[in-house]
Amino acid sequence: MKEAYSLSERHERVLALVTEKYIETAAPVGSRTVAKKFLPPLSPATIRNVMADLEELGLLSQPHTSAGRIPTEEGFRYYVEHLLDPEPLPEETLETIERNLSQEEIAESWETLLKSVSHLLSDLSGFPVIVTAPKLEYEKLIKIDFVRLSERLILTVAVSASGMVIHRLIKTLRDFSIETLERLSALLNDRLPGLTLKEVREVLFSELQNEKALLEDLLLALCESPEEPFVEGINRLLDLPEFQDLERLKEILKTFEEKSLLLQLIDRCLEARTPQVLIGAPSPQCPFKQCGAIVASYSWRDTPVGGVAIIGPMRMAYARLIPLVEYTTQHLSRTLDKLSPRT
Numbered sequence: 001m002k003e004a005y006s007l008s009e010r011h012e013r014v015l016a017l018v019t020e021k022y023i024e025t026a027a028p029v030g031s032r033t034v035a036k037k038f039l040p041p042l043s044p045a046t047i048r049n050v051m052a053d054l055e056e057l058g059l060l061s062q063p064h065t066s067a068g069r070i071p072t073e074e075g076f077r078y079y080v081e082h083l084l085d086p087e088p089l090p091e092e093t094l095e096t097i098e099r100n101l102s103q104e105e106i107a108e109s110w111e112t113l114l115k116s117v118s119h120l121l122s123d124l125s126g127f128p129v130i131v132t133a134p135k136l137e138y139e140k141l142i143k144i145d146f147v148r149l150s151e152r153l154i155l156t157v158a159v160s161a162s163g164m165v166i167h168r169l170i171k172t173l174r175d176f177s178i179e180t181l182e183r184l185s186a187l188l189n190d191r192l193p194g195l196t197l198k199e200v201r202e203v204l205f206s207e208l209q210n211e212k213a214l215l216e217d218l219l220l221a222l223c224e225s226p227e228e229p230f231v232e233g234i235n236r237l238l239d240l241p242e243f244q245d246l247e248r249l250k251e252i253l254k255t256f257e258e259k260s261l262l263l264q265l266i267d268r269c270l271e272a273r274t275p276q277v278l279i280g281a282p283s284p285q286c287p288f289k290q291c292g293a294i295v296a297s298y299s300w301r302d303t304p305v306g307g308v309a310i311i312g313p314m315r316m317a318y319a320r321l322i323p324l325v326e327y328t329t330q331h332l333s334r335t336l337d338k339l340s341p342r343t
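In terms of UniProt numbering, the sequence shown has 256 at position 256, counting the first letter as 1, and numbering is strictly consecutive.
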C-alpha cells in the first residue's frame with residue numbers, strides 16, 4: 001500500500017497526527033490542532049495543503065459540517081499497516097491478565113476460562129469481544145458418548161484430557177439407532193484415550209474398517225459442528241458516538257446475532273501468527289460495516305485452535321489494543337500447553 005501512495009514523510013506524519021487525534025476525540029481534526037503537534041513546526045496553511053493532498057488521495061475526508069478532516073477506511077488501513085507505533089502494556093495490565101487467567105481459575109472448566117477471557121478483554125478494551133472455543137478435532141479426548149435425540153439429531157458429550165466437557169448437537173446424514181450409537185461409543189472409548197478426533201479419523205479407521213462409514217459420518221459432523229462463541233460487552237457500543245444512530249446500531253446488533261459470521265471472522269484469521277486488523281466495509285473477512293476488528297488466534301502445541309476478536313468503531317486505539325490482544329492470546333496458549341503438556 002505504501003508504494004501505491006508514495007507518501008512523503010511529511011504527509012505520513014500529518015496522516016498519523018490526524019488519525020491519532022480522531023481516535024482520541026471522535027471529532028474532525030483541524031490544521032491548527034495538527035500544527036501544534038508537528039515537529040519541526042509547520043504553519044497551519046502548510047498543514048492544510050498537506051491535508052488537501054491526503055484528501056485527494058482518499059486517505060482523509062472532510063465532513064460537510066466541519067473544516068476539519070477525518071481518516072477514511074483507506075486512511076485507517078494505511079495508518080495501521082505503516083505508521084502505527086504499538087504501545088507497551090502497563091505492568092498493571094500484565095498483572096491483571098495473569099491474575100485473572102491463572103491456572104487455578106481455569107481448572108474449573110473450559111467454559112469458565114473462555115468466559116473469563118471475553119469478560120476480561122471487554123473490560124480492558126472497552127469494546128465488545130468474541131472468543132471461540134478450541135476446535136474439537138485438536139482436543140485430546142478421554143471419553144465420548146452419543147445420545148440419540150431424534151432421527152438424524154444426536155447429542156454428543158465428550159470429555160477432553162484437559163478437563164473440557166463438550167456438548168454438541170449434531171445433524172447426521174443417516175438415522176442411527178440407539179444400539180448403534182452405544183456400540184460406536186464403546187468402540188471409540190476403547191481406543192480413544194490420548195488421541196484427538198483428527199488422529200482418530202486418520203489412524204483408527206484402519207483398525208475399524210467395518211465401522212468406517214458410520215464413524216466417518218458421526219465424526220465429520222462432530223468436527224464441523226461449532227461451539228457457540230462467547231460474546232461479551234455488546235452494550236458498550238451504546239456509549240460510543242458512532243452508534244448513536246438507531247439504524248446503524250440495529251445493523252451491528254443484527255450482525256452479532258449471526259453466530260456463523262462471528263465464527264467465520266475468527267476462523268479466517270486462525271493461521272496468522274500475529275493479530276490481524278480488519279477495517280471498513282463488510283466483506284468476507286469482516287462482516288461489520290464501518291467498524292474495526294482486531295483478531296488473533298491462540299494455540300495448543302503450536303497449532304491454532306481458537307481465536308479472539310475485539311469489535312469496535314474504525315477509530316479504535318490500535319496502538320494499545322493490538323498488544324493487549326496479542327499478549328492475552330499468547331498467555332492463553334502457554335496455559336493450554338501447561339494444562340495438556342506434550343507427551
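For every residue, glycine included, the Cβ atom is placed at its ideal position computed from N, Cα and C.
Opposing strand residues paired with residue i [DSSP bridges]
{"i": "Thr157", "result": "Sequence inspection shows Val at residue 157; the Thr mentioned does not correspond to that position. Val157 is bridged to Asp145, His167."}
{"i": "Gly292", "result": "Ile279, Gly312"}
{"i": "Pro304", "result": "Ser299"}
{"i": "Ser260", "result": "Answer is none; Ser260 lacks a bridge partner."}
{"i": "Lys198", "result": "Paired residues: none, contrary to the question."}
{"i": "Leu60", "result": "Pro71"}
{"i": "Ser150", "result": "Leu153"}
{"i": "Val29", "result": "Arg69"}
{"i": "Lys140", "result": "Thr196"}
Residue i and residue j closer than 8 Å at C-beta
{"i": "Glu228", "j": "Lys259", "result": "yes"}
{"i": "Ile252", "j": "Val129", "result": "no"}
{"i": "Gly117", "j": "Thr328", "result": "Just to set this straight, residue 117 is Val in the shown sequence, not Gly. In this structure, Thr328 lies closer than 8 Å to Val117 by Cβ."}
{"i": "Ala26", "j": "Arg315", "result": "yes"}
{"i": "Val325", "j": "Val305", "result": "no"}
{"i": "Val14", "j": "Met51", "result": "yes"}
{"i": "Leu240", "j": "Pro287", "result": "no"}
{"i": "Gly194", "j": "Lys140", "result": "yes"}
{"i": "Leu184", "j": "Phe146", "result": "yes"}
{"i": "Val131", "j": "Phe230", "result": "yes"}
{"i": "Arg168", "j": "Thr156", "result": "yes"}
{"i": "Leu89", "j": "Pro275", "result": "no"}
{"i": "Ile166", "j": "Leu192", "result": "no"}
{"i": "Ser31", "j": "Pro44", "result": "yes"}
{"i": "Arg320", "j": "Glu87", "result": "yes"}
Residue i versus residue j: straight-line alpha-carbon distance, rounded
{"i": "Glu199", "j": "Leu187", "result": "15 Å"}
{"i": "Ile144", "j": "Leu57", "result": "58 Å"}
{"i": "Met1", "j": "Ile142", "result": "Only weak support is given to the placement of Met1: the predicted model assigns it a pLDDT of 45, under 50, and the value that follows is read from those uncertain coordinates. So the alpha carbons of these two residues sit roughly 49 Å apart."}
{"i": "Asp337", "j": "Val277", "result": "26 Å"}
{"i": "Asp85", "j": "Gly292", "result": "18 Å"}
{"i": "Leu17", "j": "Glu247", "result": "31 Å"}
{"i": "Gly280", "j": "Lys289", "result": "6 Å"}
{"i": "Leu113", "j": "His82", "result": "35 Å"}
{"i": "Val295", "j": "Tyr318", "result": "12 Å"}
{"i": "Glu12", "j": "Ser333", "result": "36 Å"}
{"i": "Ser299", "j": "His331", "result": "10 Å"}
{"i": "Leu7", "j": "Glu55", "result": "12 Å"}
{"i": "Arg273", "j": "Leu261", "result": "22 Å"}
{"i": "Trp110", "j": "Gln244", "result": "36 Å"}
{"i": "Cys269", "j": "Ser61", "result": "30 Å"}
{"i": "His64", "j": "Lys36", "result": "24 Å"}
{"i": "Leu149", "j": "Glu74", "result": "51 Å"}
Residue i (DSSP reduced to helix, strand or coil)
{"i": "Thr335", "result": "helix"}
{"i": "Phe230", "result": "strand"}
{"i": "Arg13", "result": "helix"}
{"i": "Lys2", "result": "For Lys2, the predicted structure reports a pLDDT of 45, less than 50, and the residue's modelled location is therefore unreliable. The matter cannot be settled from this model."}
{"i": "Pro86", "result": "coil"}
{"i": "Arg342", "result": "Bear in mind that a pLDDT of 49 at Arg342, under 50, signals an unreliable position, so the model cannot answer this."}
{"i": "Leu187", "result": "helix"}
{"i": "Pro134", "result": "coil"}
Inset, instruction - Indicate whether the contact test is met: 3 or more Cβ pairs, each with one atom in the region 68–76 and one in the region 7–24, closer than 8 Å. - result: Taking a contact to require three or more Cβ pairs closer than 8 Å, the region 68–76 and the region 7–24 qualify as touching.
Legend entry - Cβ contact (3+ pairs, closer than 8 Å) linking the region 171–180 and the region 212–220: Between the region 171–180 and the region 212–220, the count of C-beta pairs closer than 8 Å reaches three or more; the two stretches touch.
Inset, instruction - Could you say if the region 88–105 and the region 120–129 meet the contact criterion of at least three C-beta pairs nearer than 8 Å? - result: Touching, per the Cβ criterion.
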